[in-house]
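Protein chains in written order, with my numbering: chain A, 2 to 338; chain B, 2 to 338.
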């Protein structure tokens with residue numbers, strides 16, 4: 002990578018992101034908690050484990066149907082904690098502001114953060130603010146970090162635990178967040194506005210782990226969408242994941258918007274969904290528990306884990322054909338979160 | 002503040018920063034850990050306390066004499082942990098990159114982060130990378146967050162614990178970091194380059210707390226410099242802090258550079274110094290311990306805490322006169338850290 006320059010694709014959650022993370026960050030920072038590549042890092046800590054995660058948010062525009070950068074920053078970090086089975090304990094929030102930003106805009110964002118944090122009962126205990134001259138940043142970037150606690154008794158879900166025979170579940174429709182931001186940014190109008198699914202998933206995750214204490218994997222399919230997360234799990238677990246295309250729930254407006262823009266909805270970011278991989282004997286219980294939670298209404302079983310070919314994701318189409326579902330490459334959707 | 006816009010001064014660590022933090026962030030996020038306004042938040046956690054802190058780094062230029070944005074990002078967060086008496090446990094690092102940044106530049110920064118983290122034996126366990134289009138950010142911003150542990154037996158130093166009669170100590174010369182960045186950015190040349198003091202202070206902090214287990218306050222005087230930190234302590238502790246101007250150690254080059262640029266060195270950022278406020282009976286022990294540590298070589302007693310006037314910082318000049326040392330106002334030094 003030495004002679005390369007950073008491209009938008011390096012931040013898109015697909016193939017180039019994975020190369021940058023492995024070749025640069027994991028190579029230099031090399032440690033077991035980082036290398037596990039979960040949504041949160043896990044630190045052992047006596048009777049329980051500390052979960053720790055961070056994300057920067059650069060979404061454009063700042064406000065979109067169903068949310069804004071502040072709500073997204075809180076939910077994104079809470080969901081990274083929830084995905085490893087952690088109870089969220091505290092958040093930090095660091096702001097990089099462009100000189101000239103109206104204080105009123107900042108306050109609307111902060112109020113949304115407060116409301117989202119209240120829903121989770123998580124305090125924002127630490128923060129920082131930097132201001133850069135006009136033109137050195139675009140309005141506002143927010144970085145949130147979160148701490149959570151995982152009981153030592155829980156075999157925390159991890160991306161390397163998927164096993165042949167496991168069921169693959171999704172908690173609802175995919176692509177809503179990415180398409181809400183894209184159609185808002187590009188001013189594409191439909192009969193009704195596409196709404197982001199941005200919401201905190203701590204409660205849904207708790208319900209899932211209650212019903213399926215042996216849940217093998219739980220992931221938050223943000224940048225790179227369902228395709229990126231399934232490819233990561235297939236590679237880290239050394240399995241093949243087979244998905245039935247027709248079983249993947251997609252809102253009609255999202256499907257149309259994706260067709261119009263030439264984007265595969267399986268590559269589009271979600272901010273309020275969980276992918277869950279469970280042993281077959283717990284699949285029905287988990288699916289039922291998800292379906293009876295308001296944030297898991299559209300839950301569906303979308304596929305199964307197969308022993309091989311290792312590291313592959315297969316998509317079975319309605320006609321019985323099978324295609325390889327790859328990591329997204331290139332950057333279809335810059336500044337989506 | 003409703004009709005205001007964000008100015009550079011809102012990020013400068015002085016009066017406007019304080020207003021923004023109190024009126025906006027503390028008002029909305031309101032909770033005891035945040036409101037304590039220490040360098041790190043403290044969460045009670047059974048047998049000990051968890052320290053949690055975050056900072057964004059936007060320094061310009063990325064590389065300066067004595068450090069770069071990566072070293073600064075690790076040291077800044079480690080020092081915020083050290084200042085509350087915490088043993089650093091884990092770091093996260095989140096990058097916002099401008100499209101077009103050479104990967105080679107990013108790698109040099111990451112290598113510096115690795116080296117600084119190694120010196121502290123702290124792993125970087127979590128991270129994120131976002132890339133924004135050319136012109137939407139200036140090269141690279143880094144946000145680090147840190148977790149540390151404070152033993153419950155330690156009465157953690159806090160900015161509201163200064164008491165009349167306490168001695169005010171500084172671990173060495175002030176203004177080096179800010180003037181290193183400024184003179185580098187403005188291409189002002191002296192006989193020798195001014196070097197940033199950027200370094201991790203976990204070891205110095207441990208030595209201080211060993212020698213002075215009743216240390217009342219320990220702060221890392223970054224943005225806003227010594228003046229901002231002393232004013233914050235005076236306000237939060239409800240005391241007056243009296244400083245002897247002649248006792249404050251300043252390197253000759255830094256003094257000249259400040260005069261040239263019309264900047265008060267007491268307002269200039271440090272990244273490798275600690276301000277320590279200790280009961281008089283522990284002052285000599287702490288000063289001795291600092292002085293015998295390589296990172297506290299220039300340690301000095303610079304003043305005393307007085308009962309009043311409450312919330313004020315007084316500076317006694319060589320001629321016996323006394324002036325009020327105020328919070329910095331305006332933004333003298335944008336993007337200094």
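Where is the CB? At the ideal position from N, CA and C, for every residue including glycine.
Closer than 8 angstroms at the beta carbon, the chain A residues around residue i
{"i": "residue 297 of chain B", "result": "Near residue 297 of chain B there are no residues of chain A at all, since even the closest Cβ is about 26 angstroms away, more than 8 angstroms."}
{"i": "residue 18 of chain B", "result": "130"}
CB contact below 7 angstroms: residue i versus chain A
{"i": "residue 161 of chain B", "result": "no"}
{"i": "residue 191 of chain B", "result": "no"}
{"i": "residue 263 of chain B", "result": "no"}
{"i": "residue 331 of chain B", "result": "no"}
{"i": "residue 209 of chain B", "result": "no"}
{"i": "residue 342 of chain B", "result": "Nothing about residue 342 of chain B can be reported from this structure: the residues present for chain B run from 2 to 338 only."}
{"i": "residue 226 of chain B", "result": "no"}
{"i": "residue 64 of chain B", "result": "no"}
{"i": "residue 144 of chain B", "result": "yes"}
Beta carbon of residue i nearer than 7 angstroms to that of residue j
{"i": "residue 1 of chain B", "j": "residue 55 of chain B", "result": "No information on residue 1 of chain B is available, as it lies outside the stretch 2 to 338 that chain B covers here."}
{"i": "residue 158 of chain B", "j": "residue 228 of chain B", "result": "no"}
{"i": "residue 71 of chain B", "j": "residue 113 of chain B", "result": "yes"}
{"i": "residue 151 of chain B", "j": "residue 118 of chain B", "result": "no"}
{"i": "residue 120 of chain A", "j": "residue 201 of chain A", "result": "yes"}
{"i": "residue 278 of chain A", "j": "residue 169 of chain A", "result": "yes"}
{"i": "residue 196 of chain B", "j": "residue 181 of chain B", "result": "yes"}
{"i": "residue 78 of chain A", "j": "residue 179 of chain A", "result": "no"}
{"i": "residue 132 of chain A", "j": "residue 6 of chain B", "result": "no"}
{"i": "residue 240 of chain B", "j": "residue 306 of chain B", "result": "yes"}
{"i": "residue 318 of chain B", "j": "residue 270 of chain B", "result": "no"}
{"i": "residue 198 of chain A", "j": "residue 273 of chain A", "result": "yes"}
{"i": "residue 39 of chain B", "j": "residue 90 of chain B", "result": "no"}
{"i": "residue 244 of chain A", "j": "residue 316 of chain A", "result": "yes"}
{"i": "residue 276 of chain A", "j": "residue 324 of chain A", "result": "no"}
{"i": "residue 233 of chain A", "j": "residue 160 of chain A", "result": "yes"}
{"i": "residue 186 of chain B", "j": "residue 103 of chain B", "result": "no"}
{"i": "residue 287 of chain A", "j": "residue 209 of chain A", "result": "yes"}
Residue burial classification, residue i (beta-carbon count within 10 angstroms, cutoff 16)
{"i": "residue 3 of chain A", "result": "exposed"}
{"i": "residue 162 of chain B", "result": "buried"}
{"i": "residue 11 of chain A", "result": "buried"}
{"i": "residue 331 of chain A", "result": "exposed"}
{"i": "residue 175 of chain B", "result": "buried"}
{"i": "residue 92 of chain A", "result": "buried"}
{"i": "residue 322 of chain A", "result": "exposed"}
{"i": "residue 18 of chain B", "result": "buried"}
{"i": "residue 57 of chain B", "result": "buried"}
{"i": "residue 99 of chain B", "result": "buried"}
{"i": "residue 126 of chain B", "result": "buried"}
{"i": "residue 1 of chain A", "result": "This structure leaves residue 1 of chain A out entirely; chain A is present only between 2 and 338."}
{"i": "residue 31 of chain B", "result": "exposed"}
{"i": "residue 211 of chain A", "result": "exposed"}
Test: residue i CB closer than 7 angstroms to a CB of chain B
{"i": "residue 131 of chain A", "result": "yes"}
{"i": "residue 215 of chain A", "result": "no"}
{"i": "residue 115 of chain A", "result": "yes"}
{"i": "residue 289 of chain A", "result": "no"}
{"i": "residue 229 of chain A", "result": "no"}
{"i": "residue 212 of chain A", "result": "no"}
{"i": "residue 34 of chain A", "result": "yes"}
{"i": "residue 71 of chain A", "result": "no"}
{"i": "residue 101 of chain A", "result": "yes"}
Within chain B, the residues that residue i reaches when beta carbons sit closer than 7 angstroms
{"i": "residue 53 of chain A", "result": "91, 93, 126, 127, 148"}
{"i": "residue 336 of chain A", "result": "133"}
Beta-ladder partner(s) of residue i, from DSSP
{"i": "residue 304 of chain B", "result": "B:169, B:244"}
{"i": "residue 69 of chain B", "result": "B:64"}
{"i": "residue 132 of chain B", "result": "B:98"}
{"i": "residue 138 of chain A", "result": "B:138"}
{"i": "residue 53 of chain B", "result": "B:42, B:148"}
{"i": "residue 58 of chain B", "result": "B:143"}
Proximal chain A residues relative to residue i, where beta-carbon distance stays under 9 angstroms
{"i": "residue 139 of chain B", "result": "133, 134, 136, 137, 138"}
{"i": "residue 84 of chain B", "result": "Chain A residues near residue 84 of chain B: none, gap ~13 angstroms exceeds 9 angstroms."}
Proximal residues of chain A, C-beta to C-beta of residue i below 7 angstroms
{"i": "residue 2 of chain B", "result": "104"}
{"i": "residue 112 of chain B", "result": "29"}
{"i": "residue 21 of chain B", "result": "130"}
Residues that residue i contacts on chain B, provided the C-beta gap is smaller than 9 angstroms
{"i": "residue 44 of chain A", "result": "90, 91, 124, 126, 148"}
{"i": "residue 197 of chain A", "result": "Per Cβ cutoff of 9 angstroms: no residues; residue 197 of chain A is ~18 angstroms from chain B at best."}
Neighbouring residues, chain C, relative to residue i (Cβ below 8 angstroms)
{"i": "residue 98 of chain B", "result": "No chain C is present in this structure, whose protein chains are A and B."}
Listed by chain order, chain B residues near residue i by CB distance under 8 angstroms
{"i": "residue 107 of chain A", "result": "7, 25"}
Closer than 6 angstroms: residue i CB and nearest the ligand SAH heavy atom
{"i": "residue 200 of chain A", "result": "This structure lacks the ligand SAH, and indeed carries no ligand of any kind."}
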